[in-house]
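Chemist: Sharing a structure with you now.
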Amino acid sequence: MSKVLMLPRLGETMEQGRVVTWLKQPGQSFVRGETIVEIETDKTIVELPALVDGVLRSIAAEEGADVDVGATLGHYDVIGEERDAASEESAVVAGTRAEAEGSPAAALKATSQPPEATPRTNVQSDVGERMRATPNARRIARRTGIDLVNVLGTGRRARIQGADVEAAAGIRASTEVATSPGAGVHYRNLCHGRIAFREWGSTSRSNVPIVLLHGYGGDSQVWVALASQLQRAGRHLFAPDLPSHGATDFDGTDPQAIADAIVAFVNDLQLDTFELVGHSLGGAIATKVAVILGHRVARLTLLAPAGLGSEIDGDFIEGMARVTHGGGLAHLLRRIAMTTPLLSATQLDQMAASIREREALAPLSRRLVSNGRQQVDIGSDLAVLSIPVCVIWGLEDKIIPWNQATCAGSAIPVYFLPQCGHMPQWDQPHKLAELLS
Numbered sequence: 076m077s078k079v080l081m082l083p084r085l086g087e088t089m090e091q092g093r094v095v096t097w098l099k100q101p102g103q104s105f106v107r108g109e110t111i112v113e114i115e116t117d118k119t120i121v122e123l124p125a126l127v128d129g130v131l132r133s134i135a136a137e138e139g140a141d142v143d144v145g146a147t148l149g150h151y152d153v154i155g156e157e158r159d160a161a162s163e164e165s166a167v168v169a170g171t172r173a174e175a176e177g178s179p180a181a182a183l184k185a186t187s188q189p190p191e192a193t194p195r196t197n198v199q200s201d202v203g204e205r206m207r208a209t210p211n212a213r214r215i216a217r218r219t220g221i222d223l224v225n226v227l228g229t230g231r232r233a234r235i236q237g238a239d240v241e242a243a244a245g246i247r248a249s250t251e252v253a254t255s256p257g258a259g260v261h262y263r264n265l266c267h268g269r270i271a272f273r274e275w276g277s278t279s280r281s282n283v284p285i286v287l288l289h290g291y292g293g294d295s296q297v298w299v300a301l302a303s304q305l306q307r308a309g310r311h312l313f314a315p316d317l318p319s320h321g322a323t324d325f326d327g328t329d330p331q332a333i334a335d336a337i338v339a340f341v342n343d344l345q346l347d348t349f350e351l352v353g354h355s356l357g358g359a360i361a362t363k364v365a366v367i368l369g370h371r372v373a374r375l376t377l378l379a380p381a382g383l384g385s386e387i388d389g390d391f392i393e394g395m396a397r398v399t400h401g402g403g404l405a406h407l408l409r410r411i412a413m414t415t416p417l418l419s420a421t422q423l424d425q426m427a428a429s430i431r432e433r434e435a436l437a438p439l440s441r442r443l444v445s446n447g448r449q450q451v452d453i454g455s456d457l458a459v460l461s462i463p464v465c466v467i468w469g470l471e472d473k474i475i476p477w478n479q480a481t482c483a484g485s486a487i488p489v490y491f492l493p494q495c496g497h498m499p500q501w502d503q504p505h506k507l508a509e510l511l512s
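In structure tokens form, the structure reads like this:
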């Protein structure tokens with residue numbers, strides 16, 4: 076009996092995916108761990124592996140189709156179950172025909188041949204193989220009018236990268252690359268390089284916008300759950316990938332250099348007044364941005380910020396910089412929060428490979444931590460600020476001890492969150508949204 080191949084949730088906030096390439100056709104067998112189909116999310120392309128040995132029987136979602144999480148991609152048979160079912164069916168049919176025709180041998184012969192699989196005709200299969208492209212590459216291609224068929228991919232398995240499309244289009248301009256809110260990742264070209272960011276728009280203009288700065292080893296994706304709630308509350312939000320992180324294509328070797336890049340980013344967005352929320356390393360950077368911009372920052376909120384004490388889980392910092400495989404990354408992610416996103420082994424491997432290949436976290440980690448101690452201090456920066464500041468910390472934080480909040484200053488209010496680790500935006504998004512609203 077055929078089983079349903081459904082689209083799983085490949086990320087904490089994923090609701091839909093797009094079928095990129097079927098690597099197996101109806102009638103073809105596969106073994107456990109072998110990739111059956113490639114799915115494009117809003118951020119990356121994920122290879123969906125087989126969980127058992129089996130045979131693909133039918134395809135319900137063609138290449139290019141948008142599919143909701145939990146919807147049917149196709150149908151397959153488990154090889155072991157298929158043999159058992161075929162044996163039982165053969166025995167029943169053989170007995171029936173033997174009674175009707177009086178020839179057991181003829182009945183057995185008639186039922187011993189397996190049904191032929193109907194080949195799936197796909198005139199785009201050859202084109203699809205030549206058009207294997209990342210989501211970023213497809214977005215750039217749509218914007219520039221480049222036909223991906225004519226682009227030579229330099230990525231894994233000849234996949235077309237964003238840089239490949241840019242090279243084909245001759246993009247070298249120092250102007251804005253993408254601006255439409257709600258379309259996923261956008262880019263701004265600064266003097267430092269190209270910075271990636273996410274934007275959650277709101278029709279309300281009664282509140283000042285919020286700029287969210289993620290922590291070490293993260294990217295703008297960590298804010299999705301919180302930002303969605305704040306957007307519904309009428310807030311307009313921007314979340315950049317910090318230098319040395321995510322899809323931003325230039326590096327930052329120390330917090331001050333990263334802060335300078337964020338100042339350039341908000342200036343490029345022409346934000347006259349805004350609120351700043353910074354998490355961990357992002358908290359230290361947000362503080363330095365507030366010192367530079369003064370009262371343009373209406374409020375500064377620090378989530379488990381770096382720079383208030385010397386103690387830190389230095390092994391986590393070094394581990395993120397040196398991670399080589401998805402398994403190692405999974406262990407590290409379990410340290411930072413009580414509620415971590417459900418990520419597949421393939422996603423974890425891809426994330427680890429991205430960190431390993433970029434090699435940008437190692438020099439930054441050496442600037443942040445030495446001999447297991449923090450090398451960043453924001454105490455003097457907080458002392459000169461005359462804007463509203465508050466600190467929020469999880470009582471189960473295993474990366475930076477929550478008691479460092481007492482070093483923020485007597486005039487700064489502190490909120491402690493129970494059942495919350497180093498990532499309040501993951502562990503307590505509802506409570507955090509209330510505090511920020």
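Taken in order, the sequence shown gives residues 76 to 512; the numbers are from our numbering.
Where is the CB? At the ideal position from N, CA and C, for every residue including glycine.
1) Does Gly203 come out as helix, strand or coil in the three-state DSSP assignment?
2) If you draw a straight line from the alpha carbon of Glu122 to that of Thr323, how long is it in whole angstroms?
3) So within the region 432 to 458, which uninterrupted alpha helix (DSSP H) runs reach at least 4 residues, ignoring any that extend past its ends?
4) Anyone know if the C-beta pair for Gly92 and Thr116 falls short of 7 Å?
5) Which residues in the same chain have their Cβ closer than 7 Å to the Cβ of Val341, if we skip the five residues on either side of it in sequence?
6) Going by DSSP, which residues form a beta bridge with Pro124?
7) Ignoring anything shorter than 4 residues or poking outside the region 339 to 425, list the alpha helix (DSSP H) runs there in chain order.
8) From the DSSP output, in three-state form, read off Asn282 for me.
9) Span of the alpha helix (DSSP H) holding Asp316?
10) Check whether the region 414 to 424 and the region 310 to 325 are in contact - that is, three or more C-beta pairs closer than 8 Å.
11) Our contact map puts Val459 next to Ala483 with C-beta atoms below 8 Å; I'd like the distance itself, whole angstroms only.
12) If you compare alpha carbons, which of Glu138, Glu137, Gly102, Asp143 is closest to Ile154?
13) If I measure Cβ to Cβ from Lys99 and keep anything under 6 Å in the same chain, skipping five residues before and after, which residues do I get?
14) Note the first and the last residue of the continuous beta strand (DSSP E) segment covering Glu274.
15) Determine the direct distance from the alpha carbon of Ile114 to that of Glu432, and round the result to whole angstroms.
16) When we look at the beta-carbon of Cys495 and count the other beta-carbons within 10 Å, is it buried (16 or more) or exposed?
17) So, are the CB atoms of Ala216 and Leu227 less than 7 Å apart?
18) Could you check how far apart the C-beta atoms of Gly382 and Ile453 are, in whole angstroms? I think they sit under 8 Å.
19) Name, in chain order, the residues that DSSP records as bridge partners for Arg537.
20) Quick check: Ile337 and Val366, are their CB atoms within less than 7 Å of each other?
21) Take Val444 and list the residues in its own chain whose beta-carbon comes closer than 7 Å to its own, dropping the five residues that flank it on each side.
22) Taking Arg84 as part of the beta strand (DSSP E), name the residues at either end of that continuous run.
23) Classify Val297: buried if its beta carbon has 16 or more other beta carbons within 10 angstroms, exposed otherwise.
24) Bridge partners for His150 per DSSP, in chain order?
25) Can you name, in chain order, every residue of its own chain whose Cβ lies under 8 Å from the Cβ of Met426, other than the five neighbours on each side?
26) Please list, in chain order, all residues of the same chain as Gly108 whose beta carbon is under 6 Å from its beta carbon, the five residues on each side excluded.
27) Compute the Euclidean distance between the alpha carbons of Ala486 and Leu85, then round it to the nearest angstrom.
28) Have a look at Met81 and Thr421 and give me their C-alpha separation to the nearest angstrom.
29) In terms of residues, what are the limits of the alpha helix (DSSP H) holding Val299?
30) Check whether the region 471 to 480 and the region 260 to 270 are in contact - that is, three or more C-beta pairs closer than 8 Å.
31) Would you check if the distance between the CB atom of Ala136 and the CB atom of Leu126 is smaller than 7 Å?
32) For Val79, count neighbouring C-beta atoms within 10 Å of its own C-beta (all shown protein chains included) and say buried if the count is 16 or more, exposed if not.
33) Between the alpha carbons of Ala412 and Gly220, how many angstroms are there, rounded?
34) Measuring only the C-alpha atoms, how far is Thr250 from His289?
35) Measuring only the C-alpha atoms, how far is Asp502 from Asn225?
Modeler: This is what the structure gives:
1) In this prediction, Gly203 has a pLDDT of 40, which is less than 50 and means its spatial position is unreliable; what the coordinates show is noted afterwards. Helix, per DSSP.
2) Taking the straight line joining both Cα atoms gives about 24 Å.
3) List check, alpha helix (DSSP H) in window: 436 to 443.
4) Yes, Cβ-Cβ distance for Gly92 and Thr116 is below 7 Å.
5) Within the same chain, Val341 has close Cβ partners Val286, Phe349.
6) Bridge partners of Pro124: Thr110.
7) As far as the region 339 to 425 is concerned, its whole alpha helix (DSSP H) runs of at least 4 residues are 356 to 368, 389 to 397, 401 to 411.
8) For Asn282, the three-state secondary structure derived from DSSP is coil.
9) Segment: none, Asp316 is in no alpha helix (DSSP H) and carries neither H nor E.
10) Contact check between the region 414 to 424 and the region 310 to 325: fewer than three CB pairs, one atom from each, fall below 8 Å, which does not count as touching.
11) Contact flag wrong, Cβ pair sits at about 14 Å.
12) The candidate whose alpha carbon is nearest that of Ile154 is Gly102.
13) These residues qualify, in order along the chain: Phe105, Ile111, Leu131.
14) First-last of the beta strand (DSSP E) with Glu274: 269 to 275.
15) Taking C-alpha positions only, Glu432 is separated from Ile114 by approximately 22 Å.
16) With 16 or more other Cβ atoms from the protein chains shown falling within 10 Å of its own Cβ, Cys495 counts as buried.
17) Going by C-beta atoms, Ala216 is not nearer than 7 Å to Leu227.
18) Indeed they touch by this definition, with Cβ atoms about 4 Å apart.
19) No information on residue 537 is available, as it lies outside the stretch 76 to 512 that the chain covers here.
20) No, the Cβ-Cβ distance between Ile337 and Val366 is not below 7 Å.
21) If we look at Val444 and ignore the five residues flanking it on each side, its Cβ neighbours are Ile387, Gly389, Ile392, Gln450.
22) From DSSP, Arg84 is part of no beta strand (DSSP E); its letter is neither H nor E.
23) Answer is buried; the Cβ neighbour count reaches 16.
24) The partner list for His150 (beta bridge, DSSP) reads Val79, Ser133.
25) Same-chain partners within the cutoff: Gly401, Leu404, Leu418.
26) Around Gly108: Pro124.
27) Each residue's Cα considered, the two are about 43 Å apart.
28) Straight-line Cα distance between these residues: approximately 17 Å.
29) For Val299, the uninterrupted alpha helix (DSSP H) segment begins and ends at 299 to 307.
30) Here the region 471 to 480 makes no contact with the region 260 to 270; the two share fewer than three CB pairs at distances below 8 Å.
31) Cβ atoms of Ala136 and Leu126: not closer than 7 Å.
32) In this structure Val79 is exposed. Its beta-carbon is surrounded by fewer than 16 other beta-carbon atoms within 10 angstroms.
33) Cα atoms of Ala412 and Gly220: separation of roughly 42 Å, rounded to the nearest angstrom.
34) Residue placement at Thr250 is flagged as unreliable, the pLDDT there being 36, under the threshold of 50; the coordinate-derived value follows with that caveat. Whole-angstrom Cα-Cα distance: 25 Å.
35) The alpha-carbon atoms of Asp502 and Asn225 are separated by roughly 45 Å.
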